[in-house]
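Reviewing the structure listed below.
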Amino acid sequence: MKHTPVGRLTALILSVVFVLAGAGATAQEFPAGPQAHAFPPGARAYGMGGAFVAVADDASALYWNPAALGESRFGLLVSAGAQQVDRIQDMVALAEAMESGGDPGIALPVQVSLPVAGLAALTLGPLGLGAQVEGWATADVKEESINNPDTGDPIKSVPTGTVAYSYLVPARAGLGIRVLSLGPVGSLSLGVAGSYYFPGMGEAGSYVMEVADAPPSDPEDPVYTTTETRLTPEGYAVALGLKARLTPWIAVGAVAHDVVSTLAWSGDQVTTTYTYDPVEEGIKSQETATEVPTQPAARPMTYQYGLAITPPFLGLTVAADLDSEQVAHLGAEWRIFGILALRAGYVTPLAALTGGDALLPADYGAPLRAGLSLGLPFLHVHAGAGFASADELSTVQDAMAEVSLHF
């Protein structure tokens, strides 16, 4: 019944790679998963600042805009990325220290948040199939002393607090249909995508360690306790998309995620109480397991709409999107002879563009982004990197990689 948080966290961090090659609240609050739509998958999209709803033209349309599947033929895409890539080792060290009571090797207290995202998608004409990864791990850890109840002297110092994680790997299928075609003048496509959350393809959990505020006066009172929670998801979600070409060079698009969502979590919880044995002069433990009943998790509908302009002959695309959090996404892509592509993007609250002092929500990650692609006629390798500001271009905060094959 005992769970190992370091194993779960390591699985979360590596699941983006392994699942695709073969994917705010603590777990007790029945999380709806991470804010997936703030840090979505796709290196091309990431490099353009997420201004991609009207741009999507490959297998990533399965997530970004299922209506664009109506313009697809055959394509295959694998993408994975993470925020705060320089803190991955810190997250693993904290999980190990919480489990063993040892030294994490980094200064405490510390707070770390690590969102991850991924997508594996296959398009066969207007049909898209795949799996998405939405995940995060977070740690809020400090150092406290465990004291001898008889003397009050410290026995040892241990890391305490919470290490939590959540990941969802929904199977996803989508269909895009061109409902109106006016030849070179324009077209209109509609799309729908559904996600199903299988119980074995996702998990949320936490490991909480708490030390008594004062040495207990009763030997039966705990010196410290640990609580380990593990939840599994089940449910489904529906997304809708629209894409219209107004001219050969201008396109608009819109997507709504979680138009319908029925995600729910259930699982178990193990509480371990540690008491001081004055006879043995040591600490003994006792476990209590309880079942966590099924609880629904709200995933409110989110949306994003945008405009893309591709002037003829220049190989340039400029795009601008706005999402339901009133965050603006601005991006550009310059394709050079079909072999090289350069991208730049910027993410900012809409209010900041009009002179306000609004801050970008932390879930969105780095506001300043860049991307690069190298490819052959059928195979492309894409990379995206995020930076905290123009003054910190030497430090990559977030990273996204992608390989795509399309005909």
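Heads up: the sequence shown is residues -27 to -1, 1 to 380, going by mature numbering (1 follows the signal peptide of the UniProt record, and there is no 0).
Ideal placement from N, C-alpha and C gives every residue a C-beta, glycine not left out.
Remember, predicted model here, so these are calculated numbers, not experimental data.
Ordered list of alpha helix (DSSP H) runs contained in the stretch 47 to 115, each at least 4 residues = Runs of alpha helix (DSSP H) with 4 or more residues, each lying fully within the stretch 47 to 115, are found at 61 to 73, listed in chain order.
query: Mind pulling the alpha helix (DSSP H) runs of 4 or more residues that sit fully within the stretch 293 to 377?
result: The qualifying runs are 323 to 326.
Which first and last residues belong to the alpha helix (DSSP H) in which residue 35 is found? First-last of the alpha helix (DSSP H) with residue 35: 34 to 37.
**Proximity below 8 Å, CB of residue 182 to CB of residue 226** = Contact flag unset, no.
Between residue 240 and residue 275, which are expected to be in contact by the criterion C-beta below 8 Å, what is the C-beta distance as a whole number of angstroms?
26 Å between Cβ atoms; not a contact.
### Query
With a CB to CB cut of under 6 Å and the five nearest residues on each side skipped, what residues in its chain are close to residue 233?
Non-local C-beta neighbours of residue 233 in its own chain, meaning closer than 6 Å and more than five positions away in sequence, comprise 211, ordered along the chain.
Self-check item: Status (buried if at least 16 other CB within 10 Å, exposed otherwise) for residue 220
Solution: So residue 220 ends up on the exposed side.
Contact belief for residue 237 with residue 198 at Cβ below 8 Å, rounded distance in angstroms: At roughly 28 Å, the Cβ-Cβ gap does not stay under 8 Å, so residue 237 and residue 198 are not in contact.
TODO: Since I believe residue 88 is in contact with residue 55 (beta carbons under 8 Å), could you give me their beta-carbon distance rounded to a whole number of angstroms?
DONE: Correct: roughly 7 Å between the Cβ atoms.
Would you call residue 166 buried or exposed, if buried means 16 or more other Cβ atoms sit within 10 Å of its Cβ?
By the Cβ-count criterion, residue 166 is buried, with 16 or more other Cβ atoms from all chains shown falling within 10 Å of its own Cβ.
Note to self: Whole angstroms are fine: how far does the CA of residue 301 sit from the CA of residue 46?
What the structure shows: Going from the Cα of residue 46 to the Cα of residue 301 covers about 30 Å.
- Message: Taking a contact to mean a Cβ-Cβ separation below 8 Å, would you say residue 48 touches residue 32 in this structure?
- Response: In this structure, residue 32 lies closer than 8 Å to residue 48 by Cβ.
If contacts are defined as beta-carbon pairs under 8 Å, then residue 244 and residue 205 qualify, I think. What distance do you get, rounded to the angstrom? Between residue 205 and residue 244 the Cβ distance is about 19 Å, and since that is not below 8 Å, they are no contact.
ask   = Ordered along the chain, which non-local residues of its own chain (more than five positions away) have a Cβ less than 7 Å from that of residue 235?
value = Hits under 7 Å: 208 and 209.
Practice problem: Please determine, among 105, 171, 180 and 100, the residue with the shortest C-alpha to C-alpha distance to residue 164. | Solution: With distances taken between Cα atoms, residue 164 lies closest to 100.
Can you tell me where the beta strand (DSSP E) with residue 218 in it begins and where it stops? 197 to 220 is the span of the beta strand (DSSP E), which, as asked, contains residue 218.
#### Entry: Inter-residue spacing [alpha-carbon to alpha-carbon] between residue 338 and residue 369
So the alpha carbons of these two residues sit roughly 11 Å apart.
Quiz item: Near residue 380, what residues of its chain come up, given a Cβ to Cβ distance below 7 Å and the 5 sequence neighbours on each side ignored?
Solution: Residues of the same chain with a CB within less than 7 Å of the CB of residue 380, apart from the 5 flanking positions on each side, are 46, 47 and 351 in chain order.
Do you know offhand how far residue 146's Cα is from residue 170's?
-> In a straight line, the C-alpha of residue 146 is about 12 Å away from that of residue 170.
Practice problem: Could you check what DSSP says for residue 227 in three-state terms: helix, strand or coil? | Solution: Here residue 227 carries a strand assignment [DSSP, helix/strand/coil].
Cα-Cα separation between residue 360 and residue 371, rounded to whole angstroms:
Straight-line measurement puts the Cα of residue 371 at about 7 Å from the Cα of residue 360.
> In chain order, what residues of the same chain lie with their CB nearer than 6 Å to the CB of residue 224, ignoring the 5 residues before and after it?
Replying inline: Closer than 6 Å at Cβ, skipping near neighbours: 27, 218 and 281.
- Task: Buried or exposed for residue 327, please, with buried defined as at least 16 other CB atoms from any protein chain shown within 10 angstroms of its CB.
- Result: Under the 10 Å beta carbon count, residue 327 is surrounded by fewer than 16 other beta carbons and is classified as exposed.
Are the beta-carbon atoms of residue 16 and residue 355 separated by less than 8 Å? In this structure, residue 16 places its C-beta atom within 8 Å of the C-beta atom of residue 355.
### Task
Report, in whole angstroms, the separation of the C-beta atoms of residue 12 and residue 294, which I expect to be a contact under 8 Å.
Rounded to whole angstroms, the Cβ separation of residue 12 and residue 294 is 15 Å, and the two are not in contact under 8 Å.
ask   = In chain order, what residues of the same chain have a beta carbon less than 6 Å from the beta carbon of residue 304, not counting five sequence neighbours either side?
value = Residues 21, 22, 24, 292 and 318 of the same chain have their beta carbon placed closer than 6 Å to that of residue 304, with the five preceding and five following residues left out of the count.
Quiz item: Is it right to say residue 143 is buried, meaning 16 or more other beta carbons lie within 10 angstroms of its own, or is it exposed?
Solution: It counts as buried.
Taking all protein chains shown into account, do 16 or more other C-beta atoms lie within 10 angstroms of the C-beta of residue 59, making it buried, or fewer, making it exposed?
Classification of residue 59: exposed, given that the 10 Å Cβ count is below 16.
Can you tell me whether residue 110 is buried or exposed? The criterion is at least 16 other CB atoms within 10 Å of its CB, across all chains shown.
Buried.
Practice task
Could you tell me the boundaries of the alpha helix (DSSP H) in which residue 16 lies?
Solution key: Segment 16 to 20, the alpha helix (DSSP H) holding residue 16.
ask   = Quick one, which of 137, 213, 325 and 159 has its alpha-carbon nearest residue 177's?
value = That would be 137, whose Cα lies nearest to the Cα of residue 177.
Do residue 108 and residue 14 come within 8 Å of each other at the CB atom, strictly closer than that value? No, the pair does not count as a contact, with Cβ atoms beyond the cut-off.
Option in 284, 112, 310 and 366 with minimal Cα separation from residue 349
When the alpha-carbon of residue 349 is set against those of 284, 112, 310 and 366, the nearest one is in 310.
Using three-state DSSP, classify residue 158 as helix, strand or coil. Reduced to three states, the DSSP call for residue 158 is helix.
For the candidate residues 362, 103, 80 and 96, whose alpha-carbon lies nearest to that of residue 113?
-> Residue 113 has its Cα closest to that of 80, out of 362, 103, 80 and 96.
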